[in-house]
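**Student:** Have a look at the structure that comes next, please.
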Amino acid sequence: MELTLFNILDILGTIAFAISGALAAMDRRLDLFGIFIISFVTAIGGGTLRDTLIGNTPVTWMENTIYIYLIGVVTILAIVFRNKINYLKKSLFLFDTIGLGIFTITGVEIGIRNDLDPIICIALGAMTGTFGGAIRDILCNEIPVIFRKEIYATACLFGGLVFVIMHDLGVNQDIIYLTTSLIVISIRLLVVKYHISLPYFYIS
Amino acid sequence: MELTLFNILDILGTIAFAISGALAAMDRRLDLFGIFIISFVTAIGGGTLRDTLIGNTPVTWMENTIYIYLIGVVTILAIVFRNKINYLKKSLFLFDTIGLGIFTITGVEIGIRNDLDPIICIALGAMTGTFGGAIRDILCNEIPVIFRKEIYATACLFGGLVFVIMHDLGVNQDIIYLTTSLIVISIRLLVVKYHISLPYFYIS
Amino acid sequence: MELTLFNILDILGTIAFAISGALAAMDRRLDLFGIFIISFVTAIGGGTLRDTLIGNTPVTWMENTIYIYLIGVVTILAIVFRNKINYLKKSLFLFDTIGLGIFTITGVEIGIRNDLDPIICIALGAMTGTFGGAIRDILCNEIPVIFRKEIYATACLFGGLVFVIMHDLGVNQDIIYLTTSLIVISIRLLVVKYHISLPYFYIS
Chain A
1 MELTLFNILD ILGTIAFAIS GALAAMDRRL DLFGIFIISF VTAIGGGTLR
51 DTLIGNTPVT WMENTIYIYL IGVVTILAIV FRNKINYLKK SLFLFDTIGL
101 GIFTITGVEI GIRNDLDPII CIALGAMTGT FGGAIRDILC NEIPVIFRKE
151 IYATACLFGG LVFVIMHDLG VNQDIIYLTT SLIVISIRLL VVKYHISLPY
201 FYIS
Chain B
1 MELTLFNILD ILGTIAFAIS GALAAMDRRL DLFGIFIISF VTAIGGGTLR
51 DTLIGNTPVT WMENTIYIYL IGVVTILAIV FRNKINYLKK SLFLFDTIGL
101 GIFTITGVEI GIRNDLDPII CIALGAMTGT FGGAIRDILC NEIPVIFRKE
151 IYATACLFGG LVFVIMHDLG VNQDIIYLTT SLIVISIRLL VVKYHISLPY
201 FYIS
Chain C
1 MELTLFNILD ILGTIAFAIS GALAAMDRRL DLFGIFIISF VTAIGGGTLR
51 DTLIGNTPVT WMENTIYIYL IGVVTILAIV FRNKINYLKK SLFLFDTIGL
101 GIFTITGVEI GIRNDLDPII CIALGAMTGT FGGAIRDILC NEIPVIFRKE
151 IYATACLFGG LVFVIMHDLG VNQDIIYLTT SLIVISIRLL VVKYHISLPY
201 FYIS
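Residue numbers (full-length UniProt numbering), protein chains in the order written: chain A, 1 to 204; chain B, 1 to 204; chain C, 1 to 204.
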């Protein structure tokens with residue numbers, strides 16, 4: 001595997017989600033296998049859904065074994081340093097947010113490489129960014145983060161929109177990647193800090 | 001996209017399921033994004049499962065962006081007219097039933113076009129008809145309609161059976177479509193009206 | 001379909017999981033359709049996930065209708081003889097374990113046939129072995145067996161490891177199949193009998 005910026009980002013996102021999965025599993029007091037499985041599913045969930053729906057099979061982590069080894073090592077490190085990682089307050093939230101920002105980018109990029117319509121690329125970005133965390137939460141019996149009162153997936157959709165517009169304008173790819181992942185991460189942090197929420201519509 | 005009867009039905013089914021999803025999400029008091037996501041997943045869930053399992057990728061809604069725009073517009077209308085739609089008692093049930101009837105047809109038809117065995121076509125019809133509603137119910141934390149005491153999916157299976165028999169007899173396609181969707185819808189309405197249920201088998 | 005040892009094992013695994021599904025559904029007092037659907041999903045779930053992720057579509061049970069008929073007949077027999085089957089204490093556990101052992105083998109084998117990396121073959125074996133039972137448990141509202149305190153999926157991973165090592169050493173295929181399925185089944189039985197469990201890691 002070449003070390004392009006795309007691949008480096010994909011690896012960083014995988015590491016971030018693997019850590020968030022391992023933390024969630026230890027928090028739920030699952031056994032060793034449970035920790036590995038949640039870590040793995042969180043890290044590869046979004047990309048697997050994306051690859052399956054566009055027909056990019058065997059899915060990426062089956063073709064590139066680096067992912068499976070990487071997740072294994074990261075999970076072991078997360079177990080060993082579990083108390084240190086957790087010392088940083090809200091570290092699960094932090095790693096989840098980093099993974100979200102990065103995987104949104106890789107999802108949109110894969111859509112563009114497959115010549116899909118811009119709106120589908122944005123949807124792919126949101127799915128790739130959120131699906132792993134949603135499975136993690138479902139398996140850990142949490143209400144998925146995606147449905148809590150934070151503008152979670154909306155950050156992905158907005159980041160994806162900026163991505164396709166910049167791509168259309170011919171902006172340099174590295175700049176697009178860095179700008180849009182920072183946008184997604186910033187929106188999420190600001191939203192949580194200032195308790196911003198989307199409107200509700202009740203049936204009266 | 002040509003406006004064949006197949007495509008018109010597929011669009012009508014998509015609209016019906018999108019409305020049922022939006023109603024369910026507003027009923028559960030999800031925020032704006034939650035409404036869109038449930039609406040979207042309900043409308044494309046069945047077709048996405050069908051396309052993925054037979055290998056028709058990228059899945060239909062990724063190739064044909066009309067679906068994603070259509071669902072967006074329908075969801076906005078459902079939000080604006082939420083109190084009017086809901087004034088019709090049991091409208092969620094009604095739209096769900098229409099979607100069920102129509103998507104059963106499109107599922108069976110896609111199976112036939114892919115030269116699959118008649119019994120597999122019937123199974124594809126049932127999966128396409130029921131899967132979107134099942135995800136909607138799971139995400140909204142309801143027991144999926146498919147497992148409640150109404151002969152829900154059984155209506156799809158029966159409609160699918162009539163479809164493949166009529167297709168084998170060489171009946172005109174338009175007549176098959178209309179007959180079988182009406183059969184599925186009628187069975188479901190009658191079953192609910194007269195509280196018909198399937199037998200149970202207990203382990204003594 | 002030829003009657004190779006692979007196909008015979010695949011059929012035996014399908015029968016075992018279909019029975020375990022039917023028993024679980026009757027235990028949960030689902031209606032006739034619910035019994036068939038749980039039986040079907042349990043029996044084809046693991047193989048369907050495996051086929052979808054590697055791109056072997058339409059998935060196996062759609063190409064080979066023998067599976068759908070077989071599951072139908074097995075489910076009817078399970079309903080008719082429900083009290084007899086259940087008379088054998090822990091029969092759900094028994095059939096689940098047999099299915100687990102056999103499907104681990106078929107998963108690894110399919111990975112090898114698709115020239116995937118040994119570690120991916122082991123992962124495919126574990127997914128094929130455990131996914132059907134996990135869906136069964138989720139649909140029946142149980143905590144999935146895979147997350148209970150038995151070394152469940154770990155048995156699959158160990159069996160898969162032995163499989164790829166023996167395959168690498170050029171051992172005769174029939175011997176590999178029988179050895180590894182017996183290993184998986186034995187580990188699970190021993191683990192449950194002696195209450196062996198994997199270590200836990202708490203965040204202090």
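In this text, a Cβ means the ideal position worked out from N, Cα and C, and glycines have one as well.
1) With 7 Å set as the bound, which would you pick, yes or no: does the beta-carbon of residue 89 of chain B sit closer than that to a beta-carbon of chain A?
2) Counting only C-beta atoms, is residue 201 of chain B closer than 7 Å to chain C at any point?
3) Would the beta-carbon of residue 112 of chain B fall within 7 Å of that of residue 181 of chain B?
4) For residue 161 of chain A, I'd like the list of residues in its chain whose CB is within less than 8 Å of its CB, leaving aside the five on either flank, ordered along the chain.
5) So, using beta-carbon positions, are residue 41 of chain C and residue 175 of chain C closer together than 7 Å?
6) DSSP has residue 200 of chain B in a bridge; who is on the other side?
7) List the residues of chain C whose Cβ lies closer than 8 Å to the Cβ of residue 114 of chain B, in chain order.
8) In three-state terms, what does DSSP make of residue 209 of chain A?
9) Grouping DSSP H, G and I as helix and E and B as strand, with all else coil, what is residue 167 of chain A?
10) Does any CB atom of chain C fall closer than 7 Å to the CB of residue 55 of chain B?
11) Take the Cβ of residue 73 of chain C as the centre, count every other Cβ of all protein chains shown within 10 Å, and call the residue buried at 16 or more, exposed below.
12) Counting along the chain, where does the alpha helix (DSSP H) carrying residue 182 of chain B start and finish?
13) Taking 7 Å as the CB-CB limit, is residue 185 of chain B close to chain C?
14) Distance check for residue 82 of chain B and residue 79 of chain C, CA to CA, integer angstroms please.
15) Would you check if the distance between the CB atom of residue 62 of chain B and the CB atom of residue 165 of chain A is smaller than 7 Å?
16) Does any CB atom of chain C fall closer than 7 Å to the CB of residue 44 of chain A?
17) What does a CB cutoff of less than 6 Å around residue 132 of chain C pick up in its chain, not counting 5 residues either side in sequence?
18) Please compile the residues from chain A whose C-beta is within a distance smaller than 9 Å of the C-beta of residue 48 of chain C.
19) Taking just the CA atoms, how far does residue 157 of chain C sit from residue 58 of chain A?
20) Quick check on DSSP: helix, strand or coil for residue 96 of chain B?
21) Beta-carbon separation of residue 97 of chain C and residue 125 of chain C under 7 Å?
22) With a Cβ-Cβ cutoff of 7 Å, do residue 117 of chain A and residue 65 of chain B count as a contact?
23) Please confirm if residue 32 of chain C has its CB atom under 7 Å from at least one CB of chain B.
24) For a test of the three-state rule: what should DSSP assign to residue 126 of chain B, helix, strand or coil?
25) Specify the secondary structure class of residue 89 of chain B as computed by DSSP and reduced to three states.
26) From the beta carbon of residue 27 of chain B, is the nearest beta carbon of chain C less than 7 Å away?
27) So residue 198 of chain A contacts chain B; which residues on that side make the cut at Cβ distance below 7 Å?
28) According to DSSP, simplified to helix, strand and coil, what is residue 7 of chain C?
29) Could you round the C-beta distance between residue 69 of chain A and residue 29 of chain B to whole angstroms and report it? I think they count as a contact, below 8 Å.
30) Ordered along the chain, which non-local residues of its own chain (more than five positions away) have a Cβ less than 7 Å from that of residue 24 of chain C?
31) How would you list, in chain order, the residues of chain B whose beta-carbon sits under 7 Å from the beta-carbon of residue 135 of chain A?
32) Going along chain C in order, which residues have a C-beta closer than 8 Å to the C-beta of residue 127 of chain A?
33) Pick from C/13, C/1 and C/31: whose alpha carbon is nearest that of residue 203 of chain B?
**Tutor:** By the coordinates alone:
1) With a pLDDT of 49 at residue 89 of chain B, under the threshold of 50, the modelled position of that residue is not reliable, and no figure is offered here.
2) Using beta-carbon distances, residue 201 of chain B counts as an interface residue toward chain C, with a partner under 7 Å.
3) At the C-beta level, residue 112 of chain B and residue 181 of chain B stay beyond 7 Å of one another.
4) Answer for residue 161 of chain A: 122, listed in chain order.
5) Note that the C-beta distance between residue 41 of chain C and residue 175 of chain C is not below 7 Å.
6) Beta-bridge pairing links residue 200 of chain B to C/31.
7) Under the 8 Å cutoff, chain C gives 58.
8) Since the first residue shown for chain A is 1 and the last is 204, residue 209 of chain A is missing from the structure and cannot be characterised.
9) Reduced to three states, the DSSP call for residue 167 of chain A is helix.
10) Yes, residue 55 of chain B counts as interfacial toward chain C.
11) Residue 73 of chain C should be labelled exposed.
12) From DSSP, the alpha helix (DSSP H) with residue 182 of chain B extends over 173–193.
13) Taking 7 Å as the CB threshold, residue 185 of chain B stays off the interface with chain C.
14) Distance between the alpha carbons of residue 79 of chain C and residue 82 of chain B: 45 Å.
15) The answer is no: Cβ separation not under 7 Å.
16) No, its Cβ sits nowhere closer than 7 Å to a Cβ of chain C.
17) Beyond the five residues adjoining it in sequence on each side, residue 132 of chain C comes within less than 6 Å, by CB distance, of 17, 42, 45 and 46 in the same chain, given in chain order.
18) Proximity of chain A to residue 48 of chain C at the Cβ level (cut-off 9 Å) is not reached, the minimal Cβ distance being about 12 Å.
19) Whole-angstrom Cα-Cα distance: 20 Å.
20) DSSP, reduced to helix, strand and coil, places residue 96 of chain B within a helical segment of the structure shown.
21) No.
22) Result yes, Cβ atoms of residue 117 of chain A and residue 65 of chain B sit closer than 7 Å.
23) Using a Cβ-Cβ cut-off of 7 Å, residue 32 of chain C counts as an interface residue toward chain B, since at least one Cβ of chain B sits closer than that to its own.
24) In the structure shown, residue 126 of chain B sits in a helix (DSSP, three-state: H, G or I).
25) The predicted model places residue 89 of chain B with a pLDDT of 49, which falls under 50 and marks its position as unreliable; any figure quoted below should be read in that light. It is coil, neither helix nor strand.
26) Residue 27 of chain B does not count as touching chain C.
27) The answer, in chain order, is 31, 32 and 33.
28) Here residue 7 of chain C carries a helix assignment [DSSP, helix/strand/coil].
29) 44 Å between Cβ atoms; not a contact.
30) Within the same chain, Cβ atoms closer than 7 Å to the Cβ of residue 24 of chain C are found at 38, 92, 136 and 140, the five residues on either side in sequence being excluded.
31) Ordered by position in chain B, no residue passes the 7 Å Cβ test against residue 135 of chain A, which lies about 13 Å from the chain.
32) Those do not exist, as residue 127 of chain A stays about 16 Å from chain C at its closest Cβ, beyond 8 Å.
33) The option with the nearest alpha carbon to residue 203 of chain B is C/31.
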